[in-house]
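What follows is a set of notes on a single structure, which appears directly below.
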Amino acid sequence: MLKELIDQFYLDNQKNREQTRFYITDAGKCPRAVFFKFKNAPKAPMDARIMRIFEHGENIHRSIFNVLYRLKIGVVTEIPIPSQEIISGRADAILCVGNENYVLDIKSMNSMIFRNLMAPKEENVYQIQLYLHYFNIKKGILLYIDKDQQSMKEFFVDYDEVLCKSLLDKFYALKDQIEKDSLPARLDDYPRNWQCSYCQFKDTCKSVEGDTYKNQIS
Ligand code: SF4
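Heads up: the sequence shown is residues 808 to 1025, going by my numbering.
Shown next, in the form of structure tokens:
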């Protein structure tokens, strides 16, 4: 009884905002899935359990912010990137350690993924690179937290101008496809790619064919 009520609470409160700009977290994501988000295409509802996992991750972030403030190295937290036409996002924190500024991005994960993490995940590097770009800061820290054991790993990231340019070029190309209703291809290793396993647009992706989206979904 209570379990069902709690699940329903999460389902009733899920945000279903229409997307009109890219988020920094879209960097590295399947372009076809991002396209579907913009088009408000039919998608599977999110599981209440997954929503609780996200919420737990947000609580971990808040605990770290609290420590940063007390250490007096968290200059600002949850800072939106400067406004511009294509992309929005919010960095976890900007720190000042030893007279050097850093963008901090915190990621939480389960013990099994954490244990096997030997290098930062590619999509996390893309995201922090874009924060570095928009804040004009040269160094970033990716802080990974094991949700089950509370262990931490940190990786330093130097700003890479060439990589940022290629990420932004991809966003502009996708914007063009969205405006022209030109459907991006499936991922090369569809449906084995890990993104496909978690994709809310799996059914839509399977059912639409060709390179134009128009009139395929009623
Ligand atoms: S199922 Fe895979 S290829 Fe299709 S939209 Fe989702 S992530 Fe992309």
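C-beta atoms are modelled at their ideal positions from N, C-alpha and C, and glycine is treated no differently.
Go ahead and pull the three-state DSSP assignment for residue i.
i: N923; result: coil
i: I952; result: strand
i: L902; result: strand
i: I985; result: helix
i: V841; result: helix
i: N917; result: coil
i: E930; result: helix
i: S890; result: coil
i: V969; result: helix
i: E811; result: helix
i: K1009; result: helix
i: K977; result: helix
i: L911; result: strand
i: T832; result: helix
i: S1014; result: helix
i: S895; result: strand
Using CA atoms only, rank isn't needed, just tell me which of the options is closest to residue i.
i: N917; options: Y933, D955, F942, A926; result: D955
i: Y830; options: R856, Y966, F978; result: F978
i: N923; options: I952, K810, T1011; result: I952
i: E907; options: I894, P887, F963; result: F963
i: I801; options: K879, I893, R856; result: A question about residue 801 goes unanswered here, because the residues of the chain that appear run from 808 up to 1025.
i: N866; options: K844, K914, P849; result: K914
i: N820; options: R839, K810, M853; result: M853
i: G960; options: I948, L970, D967; result: A small fix is needed here, since residue 960 is Lys in this sequence, not Gly. Cα-wise, what sits closest to K960 is I948.
i: K846; options: D996, Q1002, P991, S1004; result: P991
i: E968; options: I944, M858, S989; result: I944
i: R859; options: L939, Y876, K810; result: K810
i: L974; options: C837, L818, I813, G864; result: C837
i: F843; options: R877, C971, E825; result: E825
i: K879; options: G905, Y1005, P998, C1003; result: G905
i: S989; options: R839, R856, D814; result: R839
i: D814; options: A855, G896, V841, L981; result: A855
i: L909; options: H863, Y938, L970, A848; result: Contrary to the premise, residue 909 reads as Tyr rather than Leu in this sequence. The shortest Cα separation from Y909 among H863, Y938, L970, A848 belongs to Y938.
i: D1018; options: Q1002, E929, K987; result: K987
i: R897; options: M808, Q957, Q934; result: Q934
Query raised in the report: Counting by C-beta, which residues lie closer than 5 Å to a heavy atom of the ligand SF4, in chain order?
Result: C837, R839, A840, R993, L994, Y997, Q1002, C1003, C1006, F1008, K1009, C1012
Query raised in the report: Which whole runs of the beta strand (DSSP E) in the stretch 843 to 881 are 3 residues long or more, in chain order?
Result: none
**Report entry** Sufficient close CB pairs (3 or more, under 8 Å) joining the stretch 896 to 910 to the stretch 877 to 887
**Finding:** yes
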